[in-house]
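Below: the structure, in structure tokens.
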Amino acid sequence: MDAAFTAEQEGIRRTLREVLGRRCGPDRVKAAVRTPDGYDRELWEQLSREIGLPGLAVPEEYGGVGCAPADLVLACEETGRALLPSPLLATAVLAAPLVAALGGAGQRAALLPQLAGGGLTAALAVPGPALSAALGLTGDGGAGEWAGGGRAGGVQARRAADGAWRLYGEAAQVLDGHSADLLLVPAHAGGFARSRVLLFVVRAGAPGLVRARQTALDETRPQALVQLRDVEAEWLGEGDPFDGGGPGGPVCGALAAVGRTAAAVLAAEAAGAAGRALERTVEYVRTREQFGRPIGSFQAVKHRLADLYVQLQAARSAVCYAAWDPEQGGLALAQALEALRLAAGEAIQLHGGIGFTWEHDAHLYFKRAAADELLFGPVHLLRAHAARRAGLFEAPAAAPATASPVPASPAPTRKAAV
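Counting from 1, position 70 in the sequence shown corresponds to residue 87 in this note's numbering; the numbering is continuous, with no gaps.
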């Protein structure tokens, strides 16, 4: 494994840092999240046009840049540093790979170029509490229980006599669900007897579609309540939707594959945010004085910052490894989320009285840490699931019995008394 970044990767990182440094400071972040869309559309268009950010991992034949998913992972460390509010995660990380994996040839040709160019945004309408299970981060979602089990809850699909699909149900805590141009909706079809999870495309403005933005702890990741009231939808796929596989079908397998890359991307964002929180804290303790000297000169403060630095470097190493091997994305995400939580907490503590006010910028990082762990974790479940997949909890196989080379002595017999 070569851990050195290529010239192209360094160029993307450098350009992103320059653009976001000018256009995505803390004040601009706070202003952008309070717009109806929840992000700066002008900045999103600039990132799409000049850098091709949403299309980094989309093949060139569909209008993308054609880079590997690792390039998107490394670029997202910079978006995490700035806490960039954008539809990047929902569109490029979750939705576009699902279209590429499950869509028919015509659907890929129609949707992927628009998603890669940033002209079309998308959201995956999985209920927030079930998102980590659906992506295979904290559990095995292969049977689709996270989608409602086909009995109640979740979203149900019914095929009308004319062949059109109709959707019923709702999903809460959908990332960017209030502003996305497309919704990818996993739904149960086939009734109870032949229950099967299928993925459908719903266009914004479809009759019966009701969306409302919800109040979220982290405003940089907007969430929405999506209700589908007899909404016409397009099945994402071709052929017979009930061919092959179990109840989860190909949808759950595709979601698990997307989850591995998404975990690496989220880990990179968390590591970038933790790094920026640590930098801001170090800058503050160098200038804030107590007892006639900077508080950063006190040994106790130095030790706390040194511990954070070690934690951060471990997280960055895990992210780099996950970019190379997405199978390790869950462990990298656990390490990075823990580093971000610790860095945000220490930032608030070391900023003193001003750090405890909600208006201070340190709370942007604290909210991101808490919200990401609620949506994609928690950390102990991420690690437990990775351990189960690695077989750490399996009982060791019993050693085969071997014949003794020494023949057993005959049992002693008691002589009868004379």
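All C-beta atoms, glycine included, are put in the ideal place defined by N, C-alpha and C.
*asked:* Helix, strand or coil, according to DSSP, for residue 434 in the structure here?
replied: Taking the first residue of the sequence shown as position 1, residue 434 is located at position 417. Here the model assigns residue 434 a pLDDT of 44, short of 50, so the residue's position is not dependable, and the following value carries that caveat. It is coil, neither helix nor strand.
Excluding sequence positions up to five away, which residues of its chain have a Cβ less than 7 Å from the Cβ of residue 233? Against the sequence shown, residue 233 aligns to sequence position 216. Spatial neighbours of residue 233 in its own chain (CB-CB distance under 7 Å, excluding positions within 5 residues in sequence) are listed in chain order as 239, 240 and 388.
Q.
Measuring only the C-alpha atoms, how far is residue 206 from residue 39?
A. For this step, residue 206 is matched to residue 189 along the sequence shown. For this step, residue 39 is matched to residue 22 along the sequence shown. Spanning the two alpha carbons is a distance of roughly 48 Å.
* Apart from the five residues on each side of it in sequence, which residues of its chain come closer than 7 Å, Cβ to Cβ, to residue 65? -> Counting from 1 along the sequence shown, the entry for residue 65 is found at position 48. The beta carbon of residue 65 is closer than 7 Å to those of 71, 134 and 135 in its chain, skipping five residues each way along the sequence.
How is residue 389 classed by DSSP in three states: helix, strand or coil? Your numbering for residue 389 matches position 372 in the sequence shown. In the structure shown, residue 389 sits in a helix (DSSP, three-state: H, G or I).
_For residue 341, report the span of its alpha helix (DSSP H) as first-last._
The residue labelled residue 341 in the question sits at position 324 within the sequence shown. For residue 341, the enclosing alpha helix (DSSP H) starts and ends at 316-341.
### Query
Between residue 92 and residue 29, what straight-line distance do the alpha-carbon atoms span, to the nearest angstrom?
In the sequence shown, counting from the first residue as 1, residue 92 sits at position 75. In the sequence shown, counting from the first residue as 1, residue 29 sits at position 12. Cα to Cα, residue 92 sits roughly 7 Å from residue 29.
Practice task
Answer yes if the segment 284-292 comes into contact with the segment 331-348, meaning at least three C-beta pairs across the two stretches below 8 Å, and no otherwise.
Solution key: Yes, the segment 331-348 touches the segment 284-292.
Note to self: Taking the beta carbon of residue 36 as the centre, do at least 16 other beta carbons fall within 10 Å, making it buried, or is it exposed?
What the structure shows: Position 19 of the sequence shown, counted from the start, is the residue given in the question as residue 36. With 16 or more other Cβ atoms within 10 Å, it is buried.
Does the separation of the CB atoms of residue 218 and residue 251 fall below 7 Å?
Taking the first residue of the sequence shown as 1, we reach residue 218 at position 201. Taking the first residue of the sequence shown as 1, we reach residue 251 at position 234. Yes, Cβ-Cβ distance for residue 218 and residue 251 is below 7 Å.
ask   = Excluding five sequence neighbours on each side, which residues of the same chain lie with their C-beta closer than 6 Å to the C-beta of residue 237?
value = Locating residue 237 in the sequence shown gives position 220, where the first residue counts as 1. Closer than 6 Å at the Cβ level, and outside the excluded window around residue 237, lie 50, 100 and 102.
Exercise for review: Take the Cβ of residue 61 as the centre, count every other Cβ of all protein chains shown within 10 Å, and call the residue buried at 16 or more, exposed below.
Suggested key: Within the sequence shown, numbered from 1, the residue matching residue 61 stands at position 44. Its Cβ being crowded by 16 or more others within 10 Å, residue 61 is buried.
- [ ] Work out the CA separation of residue 198 and residue 105 for me, nearest whole Å.
- [x] Along the sequence shown, read from residue 1 onward, the residue named residue 105 stands at position 88. Along the sequence shown, read from residue 1 onward, the residue named residue 198 stands at position 181. CA-to-CA, the gap between residue 105 and residue 198 works out to about 13 Å.
Go ahead and label residue 345 buried or exposed: buried means 16 or more other beta carbons lie within 10 angstroms of its beta carbon, across all protein chains shown. Taking the first residue of the sequence shown as 1, we reach residue 345 at position 328. A residue is called buried once 16 or more other Cβ atoms fall within 10 Å of its Cβ, and residue 345 is buried on that count.
Expressed to the nearest angstrom, what Euclidean distance is found between the alpha-carbon atoms of residue 379 and residue 179?
Taking the first residue of the sequence shown as position 1, residue 379 is located at position 362. Taking the first residue of the sequence shown as position 1, residue 179 is located at position 162. Using only the alpha carbons, I get a separation of about 55 Å.
Checklist entry - Expressed to the nearest angstrom, what Euclidean distance is found between the alpha-carbon atoms of residue 47 and residue 372? => result For the purposes of this step, residue 47 is identified with residue 30 of the sequence shown, where counting begins at 1. For the purposes of this step, residue 372 is identified with residue 355 of the sequence shown, where counting begins at 1. When rounded, the separation of the alpha-carbon atoms in residue 47 and residue 372 is 17 Å.
Would you say residue 299 and residue 216 are within 7 Å of each other, going by their C-beta atoms? Within the sequence shown, residue 299 is the residue found at index 282, counting from 1. Within the sequence shown, residue 216 is the residue found at index 199, counting from 1. No; because the gap between Cβ atoms is not below 7 Å, this pair is not in contact.
State the DSSP-derived secondary structure class of residue 217, mapped to helix, strand or coil. Working through the sequence shown from its first residue, we reach residue 217 at position 200. It is a strand residue.
Quick one: what's got a C-beta closer than 6 Å to residue 137's C-beta in the same chain, skipping five residues either side? Counted from its first residue, the sequence shown places residue 137 at position 120. So the list reads 131 and 198, once near-sequence residues are dropped.
Quick one: complete beta strand (DSSP E) runs, 3+ long, within the segment 197-257? Whole beta strand (DSSP E) segments, 3+ residues: 199-206, 213-220, 226-231 and 240-252.
Q) residue 359 to residue 196, Cα distance in whole Å? A) In the sequence shown, counting from the first residue as 1, residue 359 sits at position 342. In the sequence shown, counting from the first residue as 1, residue 196 sits at position 179. Approximately 32 Å, taken between the alpha carbons.
Nearest to residue 22 (by Cα), restricted to the options 76, 410, 33 and 88: Within the sequence shown, residue 22 is the residue found at index 5, counting from 1. Ranked by Cα distance from residue 22, the first of 76, 410, 33 and 88 is 88.
Does the segment 172-187 come into contact with the segment 303-315, if we say contact requires no fewer than three beta-carbon pairs (one atom in each stretch) closer than 8 Å? Touching, no, given that fewer than three Cβ pairs across the two stretches are closer than 8 Å.
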